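Engineer: One structure coming up, written as structure tokens, with questions to follow.
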Amino acid sequence: MVKGWIPISISEQLGQRLIALYSNDRKRPENQKFSPWVNNILLKYVEFQEQQKEYGPFLEFKDADQAMVNLYDHERKKSLAVYIDSLKKKLHCEYHNDKTDCLHVGFCLGIPEVYRLLIKDGFKSPKSSRNN
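Numbering-wise (our numbering), the sequence shown opens with residue 14 and increments by one.
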């Protein structure tokens, strides 16, 4: 075993899916091996989870359907909806007067269940209207 690394086991099916993603990943350096590539994916996941714990506890995902995403905002002590506009391919926040780029909309885009729903419906992530 290489020093600084530990072995892990995953299902064969997941391994095949990862290998397919690795093979088709045009953003990775050509000389990057599979193990470091998987390590980077896992590192991004762990960092995301840590950020969610640190910065995201005031928002809570309740449920979603084709028309809306239900959230609970602990800071405001209020349930709110983010509406899904299938025609315009945008999300609109009920709390922020139908804004499409508020933190509630951004939070929704980070929820895997919601993101899958949106992609299935042909959505693409909105571009921020804020100046950088």
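Using N, Cα and C, we set each Cβ at its ideal position, and we do this for glycine too. Model, not experiment: these values are computed from the prediction.
#1: Tell me which residue opens and which closes the alpha helix (DSSP H) that Tyr128 is part of.
#2: If distances are taken between C-alpha atoms only, which option among Asn53, Ser99, Gly123 and Ile19 comes closest to Gln79?
#3: Tell me the residue span of the beta strand (DSSP E) that contains Phe74.
#4: Which residue comes first and which comes last in the alpha helix (DSSP H) that contains Asn37?
#5: Taking only three categories from DSSP, how would you classify Leu148?
Structural biologist: On the basis of the supplied data:
#1: Pro125 to Lys133
#2: Ser99
#3: Leu72 to Ala77
#4: Glu25 to Asn37
#5: No answer is possible for residue 148: it lies beyond the span of the chain, which begins at 14 and ends at 145.
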